[in-house]
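This report concerns only the one structure given below.
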Amino acid sequence: MRVAVTGGLGRIGRAVVAELGGHGYETVRIDVSPMRGQSGGYRRADLRELWQAVDALDGVDAVVHLAATGVPDSHTLHPELAEGATYTANTASTYNVFQAAAVHNIRRVVWASSETVLGPPFQVAGPSCLPLDERHPLCPETSYALSKAAGEAAARHFAHRYAMTLVALRFSVVMDQAEYAALPEYWAEPERGRWNLWSYVDLADVAVSCRLALAAPVDGALALTVAAPDTLSNRTTAELLDTFCRGVRVTRSLGAFESLQCSAKARALLGGCPARSWRDSGV
Ligand SMILES: NC(=O)c1ccc[n+]([C@@H]2O[C@H](COP(=O)([O-])OP(=O)(O)OC[C@H]3O[C@@H](n4cnc5c(N)ncnc54)[C@H](O)[C@@H]3O)[C@@H](O)[C@H]2O)c1
């Protein structure tokens, strides 16, 4: 099976290409950045252009769509222009990838949405209830988050119109072993993690979730929270709730360090993934 990985030269893209390659998939990296050295398995494309997306997806069986522009730097001179550019680029690229997949009759697209569609960084309003899961209303507070919510609406459209399956993985902040080493600094200022409820997901689980979502027995457009089972904090979840989330309705009892972003639906559909924790990393 030949899988196009858009954003294949990025941080998650490289991990996904390695994960798929290790499980017998052939991959084609699609990226606007030039690839140095070998050019096999790589096609250069700016996905903001539909014709480039259509060219790039020729001859593939499935797509993992990761290409995107992240949250603009908050110190930028004209933040509203940077936010607009992020929204426009991500919305166009995601629409174009879905449309190009429909043109080529590609039946499955797995793509990177974001935890931010449910409200992080919670600067305008806090969560309606906790833990967050797929039943929480969409509350994008940034143009980046809005671009992901727009992508989810586009996915529902393409699933409805072309009977495609599009799996949105709402990744939490992606972290790896090197970053876990810095956690003691993070613990010194526990309020720093409130913006996304002290949540994260391990890079290896992100790659595995993309692979498993390519073959999961699902139809239509669906969106899944993909976060580690625990928080990044060294304080208990009860203490975090009591100190930083007073007044927010908590809908069920939670484990000592259980995440406030619930990935139970993803785990049920993706064979237990995500499951990795920084607590197993020796920090
Ligand atoms: N890293 C995280 O913590 C995180 C969390 C949630 C969601 N996500 C999402 O996961 C995806 C991958 O994130 P990442 O951390 O690997 O980002 P990254 O910035 O490392 O990689 C993104 C890649 O996309 C490419 N790209 C950007 N615009 C493009 C375009 N118009 N056409 C073709 N290629 C383009 C870039 O060149 C880059 O190689 C993104 O959609 C991101 O929004 C990331």
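Just so it is clear: in the sequence shown, position 14 is 1449 by this note's numbering, and no numbers are missing. Where is the CB? At the ideal position from N, CA and C, for every residue including glycine. As the structure is a prediction and not an experimental result, all values here were calculated from the model.
query	result
Of the choices 1458, 1667, 1681, 1469, whose alpha-carbon is the least far from that of residue 1715?	1667
Report the start-end ranges of each alpha helix (DSSP H) in the region 1665 to 1691 that is 4 residues or longer and not cut off at the edges.	1672 to 1679
Run the CB neighbour count on residue 1512, radius 10 Å, all protein chains shown included, and call it buried at 16 or more, exposed below.	exposed
Terminal residues of the continuous beta strand (DSSP E) containing residue 1568?	Unbroken run through residue 1568: none, as it is neither H nor E.
Find out if the Cβ-Cβ distance for the pair residue 1695, residue 1675 is shorter than 9 Å.	yes
Is the beta carbon of residue 1585 sitting closer than 9 Å to the one on residue 1528?	no
Let me know the secondary structure DSSP gives residue 1477 once reduced to three states.	strand
Once you ignore the five residues that flank residue 1580 on each side, which residues in its own chain have a CB closer than 7 Å to its CB?	1549, 1551, 1552
Between residue 1713 and residue 1626, what straight-line distance do the alpha-carbon atoms span, to the nearest angstrom?	19 Å
Residue 1630 by DSSP, collapsed to three states: which one?	helix
What did DSSP end up calling residue 1501 once you bin it into helix, strand or coil?	coil
Go through its chain and collect everything with a Cβ distance to residue 1559's Cβ below 7 Å, but skip five positions before and after it.	1576
Just the C-alpha distance for residue 1634 and residue 1663, rounded to the nearest angstrom, thanks.	7 Å
May I ask you to check if the CB of residue 1640 is nearer than 8 Å to at least one heavy atom of ligand 1?	no
For ligand 1, is there a heavy atom less than 8 Å away from the beta-carbon of residue 1567?	no
For residue 1621 and residue 1628, what's the separation of their Cα atoms in angstroms?	8 Å
Between the Cα of residue 1684 and the Cα atoms of 1656, 1583, 1571, 1609, which residue gives the shortest distance?	1571
Just how far apart, CA to CA, sit residue 1677 and residue 1692?	14 Å
Could you give the uninterrupted runs of the alpha helix (DSSP H) lying entirely in the region 1511 to 1569, keeping only those of 4 residues or more?	1514 to 1538
Where do the ends of the alpha helix (DSSP H) carrying residue 1656 lie?	Premise fails: residue 1656 lies in the beta strand (DSSP E), 1656 to 1661, not in any alpha helix (DSSP H).
Following a CB-centred definition, is residue 1545 positioned closer than 8 Å to any heavy atom of ligand 1?	no
Classify residue 1482 as helix, strand or coil using the three-state DSSP reduction.	coil
Quick one: Cα of residue 1462 to Cα of residue 1605, how far?	22 Å
With a cut-off of 8 Å on the beta carbons, I'd call residue 1543 and residue 1649 a contact; round off their distance for me.	6 Å
Given a threshold of 16 other Cβ atoms within 10 Å of its Cβ, counted over all protein chains shown, does residue 1596 qualify as buried or as exposed?	exposed
Determine the DSSP secondary structure at residue 1604, reduced to helix, strand or coil.	strand
Which word fits residue 1613, buried or exposed, when buried means at least 16 other C-beta atoms lie within 10 angstroms of its C-beta?	exposed
Could you pull out every residue in the same chain whose Cβ sits closer than 6 Å to the Cβ of residue 1491, ignoring the five residues on either side in sequence?	1465, 1478, 1480
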